[in-house]
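According to mature numbering (1 follows the signal peptide of the UniProt record, and there is no 0), the sequence shown holds residues -20 to -1, 1 to 410 in order.
No residue lacks a Cβ here, since even glycine has one placed at the ideal position from N, Cα and C.
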Amino acid sequence: MDRKRVLCLVLYLFPTFSKSFRLDYQYGAILDVGSTSTKVHLYRWIPKTVETDLPKFEEVVYKKFKPALSDFVGDVKMIRPYLKEIFALLQQLIPEPLHESTSVYLMATAGLRFLDEDSTDNILKEVILFMSNGSMNPFKYLDGYARILSGEEEALFAWISINYLYNMFDISKTPKDTIGMVEVGGGSMQIAFIPERPIYAGKQAVIIGGREYDVYAHSFLSYGAKSIGMRIEEYLVRQNMQAVVLTNPCMLKGDSHNVTSDGKTVTIHGASNATECVRIIDTYLPKIPEFLCSPKPCTIGSVYGPPVHRENFLALGSIYLTADELGLLSDNDLMRPVDMYLMATNYCRLSLDEAAAKFNIPARWASFDCQNGLYIPKLLKALGFNMETENIFAKRKLNGVKIGWSIGAILYEEEKSYYTFNADAKLLFN
C-alpha cells in the first residue's frame, strides 16, 4: 500500500483529528536565539517523496520571547521556566500525535557567541538538560539540536533561504543561477555565494533537491554595524586617553551620548565629518601585501575571498536599512555602493535635527545612517565589489516573507534528515 493511501485510511479512521489538522503534515521549529530575544519560527510542510522536489514551507507562527537567553548568564536556573513558556506554545500549535516526530532546533547566534566560554557552556548546559528531558520536551531531540551556530553556518542558512524563496533550487536551474548573500548584522557581517573559480577556503558543501552546491561562506566577527560603531569609539578613546569629552566624526552634530571605558565616563559629541570618519573606518579594513596572502585573493586582512564580480547578490540587514532610510533603493531594489557613499558623504554634513527632518528618520537613529552609509560601501569594496556594480540588490521581504536564515536552516535540516533516512533504509533493505 502506498503512502498516500495509508494517510487517507488514517484520516478516514480518525475523522475527529482530520477536522483540526492534517496527519500528512510534518512540523519543525527553529528557536533563533539572538542578542535581544528568542524568535520562534514554527513551520509545517508535506514531506517530499521525490529527491528533486523541495518542501513548500508554511510558517504557522512567528513570535518573539524576551529577554534573550544571554540575559540569564547570572541566573541560569531561570532558563527552565523561560523555555517552558516557549515549549508550551509549541505544544498548543503542533498536533499531539505528531509531537514525537517533530524536531525543535535551538540555534544561537551572536548573542551567545560574544559571551565568554564558561558563560556559554553554563547556558547551553541548562538548555540541553531541558530539551533532552522527555517530561519537559515532548518533541524529538537528538544531539546537536541545541547549539551555537558558527557565523559560516548562519551565512549558509541565509544563502539557502534566499535561493529557496527565489526558486533557484528548481530542477530547471543550475548552481550558476543562484544568488549570493551579503549581510551586515549588529555584531558581525556575513557573505555567501557560489564562485566561478574553485574554492580554496571557507567551502560549505550542501545537498538540496538532489544536487550538491559548493558555497563559499565567511563571517567577519565584530564587523557588524553595532560592533564597528563601538570600535570607532574605542579608537577615539585610545587616541585621547586623558579626555573626558570627545568628538566622533561618524556622528552628526547635535548628537551625543556617554560611554564608560576602564571605569571612566566619556561624553562623545557628533562632529559631522565624513572625511575623518572614513579615515578611521579604513583602519579596520586593512589589506595585507600580496606576498603575505595565501590562499589568494585576500579581502579584509589575510581572509581569503573568491572574486565576486559576476554573481547577483542580495543585501540584507543594515545594508538594506541604510539604503532604504537614505532613499537609495530604485524600483528594482538596485543598490550601488557608490550611490550610498556619495549620499552618505553629503548626509554626514548635516546636523542631527537637519537629517531627521530632511530624511524623516527618528533622531535617535539618524547618526547611524552617517556611520553605516560610509562604512558599508567601504566594506563592500574591501570584499571585492566594484563601487559601481549593478549586481547588488537590497530587500527585506519577498512575497510577504521576511528574508532571514531560519527557513534556510529548516530546509537544511529537512534535507539532511531525508538523505539520512533514505541511506538508513537502503542499508536496512540491502
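{"query": "Beta-carbon contacts of T227 that lie in its chain and below 6 angstroms, excluding the five residues immediately before and after", "result": "H249, A251"}
{"query": "Residue closest to A68, alpha-carbon to alpha-carbon, out of L92, K57, K43, F52", "result": "K43"}
{"query": "Y288 classed as buried or exposed, judged by whether at least 16 other C-beta atoms fall within 10 angstroms", "result": "It is worth fixing the name first, because residue 288 is Val in this sequence and not Tyr. So V288 ends up on the buried side."}
{"query": "Pair within 9 angstroms by beta-carbon distance, I390 and Y23", "result": "yes"}
{"query": "Cutoff 6 angstroms; reference V225; Cβ partners in own chain excluding five residues on either side", "result": "T247"}
{"query": "Helix, strand or coil at G8 [DSSP, three-state]", "result": "strand"}
{"query": "Contact under 9 angstroms by Cβ, T16 with A48", "result": "yes"}
{"query": "Classification of V107 by the beta-carbon crowding that lies within 10 angstroms, buried from 16 upward", "result": "buried"}
{"query": "Residue span of the alpha helix (DSSP H) that contains I59, given as start and end", "result": "59 to 73"}
{"query": "Cβ distance (whole Å) where Q184 is taken to contact E134 below 8 angstroms", "result": "Rounded, the Cβ-Cβ distance is 11 angstroms, inconsistent with contact."}
{"query": "V283 - DSSP class collapsed to helix/strand/coil", "result": "coil"}
{"query": "Beta-carbon spacing of L309, A205 below 9 angstroms", "result": "no"}
{"query": "Proximity to N379 [Cα-Cα], best of N147, L11, Y392, L216", "result": "N147"}
{"query": "Contact under 9 angstroms by Cβ, I387 with Y7", "result": "no"}
{"query": "DSSP state of Y203 mapped onto helix, strand, coil", "result": "coil"}
{"query": "Segment limits, alpha helix (DSSP H) that includes A135", "result": "131 to 145"}
{"query": "Per DSSP, the bridge partner or partners of residue 418", "result": "Not covered by the structure: residue 418. The range shown for the chain is -20 to 410."}
{"query": "Buried/exposed call for P269, threshold 16 Cβ in 10 Å", "result": "exposed"}
{"query": "Check whether Y327 and L360 have beta carbons under 9 angstroms apart", "result": "no"}
{"query": "CA nearest to the CA of T89, picked from E256, S130, M210, E370", "result": "S130"}
{"query": "M161 - partner residues in DSSP beta bridges", "result": "A172, L294"}
{"query": "Reduced DSSP category for H289 - H, G, I as helix; E, B as strand; rest coil", "result": "coil"}
{"query": "The region 347 to 358 touching the region 276 to 284, judged by at least three CB pairs closer than 8 angstroms", "result": "no"}
{"query": "Selected residue, minimal CA-CA separation from L332, among A346, K120, S202, Y321", "result": "A346"}
{"query": "Element boundaries [beta strand (DSSP E), containing residue 457]", "result": "Summary: the structure shown does not reach residue 457, with the chain confined to residues -20 through 410, and so no result is reported for it."}
{"query": "Where the alpha helix (DSSP H) containing T255 begins and where it ends", "result": "254 to 263"}
{"query": "Classification of F55 by the beta-carbon crowding that lies within 10 angstroms, buried from 16 upward", "result": "The sequence given here places Asp at residue 55; Phe does not occur at that position. Exposed is the call here."}
{"query": "Length of the line joining the Cα atoms of S274 and S168", "result": "23 angstroms"}
{"query": "Pair within 9 angstroms by beta-carbon distance, L296 and I212", "result": "no"}
{"query": "Under the three-state DSSP convention, the category T247 falls into", "result": "strand"}
{"query": "For D311, three-class secondary structure by DSSP", "result": "coil"}
{"query": "Three-state class that DSSP yields for I390 in the structure shown", "result": "helix"}
{"query": "Own chain partners of R60 with C-beta closer than 6 angstroms, once the 5 adjacent residues on each side are dropped", "result": "F110"}
{"query": "Beta carbon of Y399 nearer than 9 angstroms to that of I187", "result": "yes"}
{"query": "Presumed contact (8 angstroms Cβ cut-off) between I174 and Y193, rounded CB distance", "result": "6 angstroms"}
{"query": "Inter-residue spacing [alpha-carbon to alpha-carbon] between Y392 and D242", "result": "44 angstroms"}
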